[in-house]
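There are 2 protein chains.
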Amino acid sequence: MESNSSQNVLFQKIVAFTAAVHEVTHELTSGVKNEDVTPAQYKILEYMMLSQPVTPSEIADCVGLSLPNTSRELRKLLEKKLCEKAVDHSDRRRQLFRLSEDGQAMMNRIFAQVQKGFEQRIAGLSNQELTELEAAITLLQQTVFRQ
Amino acid sequence: MESNSSQNVLFQKIVAFTAAVHEVTHELTSGVKNEDVTPAQYKILEYMMLSQPVTPSEIADCVGLSLPNTSRELRKLLEKKLCEKAVDHSDRRRQLFRLSEDGQAMMNRIFAQVQKGFEQRIAGLSNQELTELEAAITLLQQTVFRQ
DNA sequence: CCTTTTGGTTATCAAAAGATAAGTAAAAGG
DNA sequence: CCTTTTACTTATCTTTTGATAACCAAAAGG
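Right, dumping it as structure tokens:
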């Protein structure tokens with residue numbers, strides 16, 4: 000069937016694409032290992048950059064860790080003073096985590112470096128092309144990579 | 000500066016997008032853990048799916064492992080009979096790895112499941128939209144996520 | 001030839017991540 | 001009230017991953 004085989008081609012493209020995304024982000028976040036955080040801890044901090052404050056359950060869900068392991072990594076981040084903890088007064092079982100000042104500073108440092116890497120990759124694109132790029136990201140995020 | 004702040008917005012979008020790609024691929028490849036391979040081993044097998052045969056050096060480069068650790072994981076995959084090894088006769092230092100029949104079958108099984116997951120995500124898109132999707136992937140891969 | 005470089009392997013150790021059991025405290029629901 | 005559920009923590013053990021040193025054999029290059 001025609002639509003089936005073209006779907007296969009599209010699928011192959013998606014697989015190759017996701018592999019490329021993984022490889023490029025791995026390369027660009029390689030500066031993280033200069034900082035004193037493990038990859039799992041970085042993922043947690045990155046998630047906090049996008050959404051604050053967050054509970055351990057939310058982190059576990061979105062980062063793909065079990066709740067006990069999330070709790071352990073959060074404790075380590077607290078020990079490193081990269082995040083802060085507070086109880087949710089409307090439900091005192093819930094713990095609210097946010098980046099500390101140090102954590103913010105560290106993530107800003109890392110993000111600045113990652114941003115530099117991305118900017119090198121899109122340097123030389125015209126405004127028209129940048130607009131198309133943004134539209135492409137929006138489209139993919141609304142279809143294939145929606146949550 | 001206008002172009003600078005719009006670049007920041009684009010960067011934020013890229014960060015959120017890459018996080019979404021990681022999360023979705025993690026979710027869709029969750030069936031991998033029914034099979035007897037670790038995440039690192041899966042990455043190697045996935046790379047072999049896209050390009051065969053491959054040498055340990057190529058794998059190390061593309062998958063982001065050190066050569067000794069790549070060699071270790073390849074040995075484990077050989078023990079599991081998921082790949083095969085042969086010397087390159089034109090340069091007998093080089094070792095050529097490819098998927099075994101079992102490995103092919105396993106990856107086909109996993110890919111079929113992943114493909115099903117992706118197809119659910121793009122079900123209901125018109126042919127026009129699918130074409131746009133493919134164009135969007137091509138654009139991103141040629142700019143931001145090129146290697 | 002002989003040295004150096006390249007491609008790969010083996011071994012070993014430490015760190016990180018995954019899994020699971022058992023526990024605490026607050027909230028929800030009869 | 002009393003029980004159950006939810007949210008989280010602690011502890012422990014195993015597996016996986018990362019890093020490094022030492023090694024071998026083939027090729028490259030004088």
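Chains as they are written, first to last, in numbering that gives the first Met the number 0: chain Y, 0 to 146; chain L, 0 to 146. Each residue gets a CB set at the ideal place from its N, CA and C atoms; glycine is no exception.
Is there a Cβ of chain Y sitting closer than 8 Å to that of V86(L), yes or no?
no
Distance check for V31(L) and N107(L), CA to CA, integer angstroms please.
12 Å
Is Q112(Y) near the ligand GDP, in the sense that its beta carbon is under 7 Å from a heavy atom of that ligand?
The ligand GDP is absent from the structure shown, which contains no ligand whatsoever.
Grab me the residues of K115(Y)'s own chain with a C-beta within less than 8 Å of its C-beta, minus the 5 sequence neighbours each way, in chain order.
none
Below 8 Å on C-beta distance, what does K80(Y) contact in chain L?
In chain order: nothing, as chain L lies at least about 24 Å away.
Is Q40(Y) near L98(Y), with beta carbons less than 8 Å apart?
The answer is no: Cβ separation not under 8 Å.
For R108(Y), report the span of its alpha helix (DSSP H) as first-last.
The continuous alpha helix (DSSP H) containing R108(Y) extends over residues E100 to I121.
Where does Q40(L) sit, in a helix, a strand or coil, going by DSSP?
helix
Give me the chain L residues within the contact set of F96(Y), using Cβ-Cβ distance strictly less than 7 Å, ordered along the chain.
Under the 7 Å cutoff, chain L gives no residues; its nearest Cβ is about 17 Å from F96(Y).
Quick test of your reading: H25(L) and G63(Y), contact by CB under 8 Å. State the CB separation rounded to the nearest angstrom.
5 Å
Whose C-beta lies closer than 7 Å to the C-beta of E1(L) among residues of the same chain, with five residues either side of it excluded?
Bear in mind that the predicted position of E1(L) carries a pLDDT of just 46, short of 50, making it unreliable; the figure below should be weighed with that in mind. Hits under 7 Å: none found.
Considering only the alpha carbon of each residue, which of M47(Y), S29(Y), V20(Y) and T37(Y) lies closest to A104(Y)?
Comparing Cα positions, the closest option is M47(Y).
Candidates T17(Y), N7(Y), Q141(Y) and F10(Y): closest to L139(L) by CA position
T17(Y)
In angstroms with no decimal places, state the Cα-to-Cα distance between Q146(Y) and Q94(Y).
24 Å
6 Å Cβ shell around Q11(L) - same chain, five flanking residues per side excluded
none
Could you tell me which chain Y residues have their CB closer than 7 Å to the CB of T24(L), listed as they occur along the chain?
In chain order, T17 make up the part of chain Y whose C-beta sits under 7 Å from the C-beta of T24(L).
Expressed to the nearest angstrom, what Euclidean distance is found between the alpha-carbon atoms of R91(Y) and L124(L)?
Between R91(Y) and L124(L), the C-alpha separation is close to 44 Å.
Under 8 Å, Cβ to Cβ, is there at least one residue of chain L near Q6(Y)?
yes
Counting only beta-carbon separations shorter than 8 Å, does E1(L) have a partner in chain Y?
Caution is warranted here: a pLDDT of 46 is assigned to E1(L), below 50, making its placement in the model unreliable, and no coordinate value can be reported.
T142(L) and I109(Y) - do their beta-carbons sit closer together than 8 Å?
Between I109(Y) and T142(L), the CB-CB gap reaches or exceeds 8 Å.
Can you check which of these residues, P55(Y), C61(Y) and E45(Y), is closest to R71(Y) by C-alpha distance?
P55(Y)
Determine the direct distance from the alpha carbon of D35(Y) to that of T28(L), and round the result to whole angstroms.
29 Å
Quick one: is K80(L) buried, meaning 16 or more other Cβ sit within 10 Å of its Cβ, or exposed?
It counts as exposed.
Please list, in chain order, the chain L residues whose beta carbon lies closer than 9 Å to that of R120(Y).
T142, V143, F144 and R145
Looking only at its chain, what residues have a beta carbon closer than 7 Å to the beta carbon of Q112(L), apart from the 5 residues adjacent to it on each side?
G30
Counting only C-beta atoms, is E34(L) closer than 8 Å to chain Y at any point?
no
Confirm, please, whether the CB-CB distance from A59(Y) to L66(Y) is below 8 Å.
L66(Y) places its beta carbon less than 8 Å from that of A59(Y).
Just the Cα atoms here: how many angstroms apart are L44(L) and N7(Y)?
In this structure, the CA atom of L44(L) is about 19 Å from the CA atom of N7(Y).
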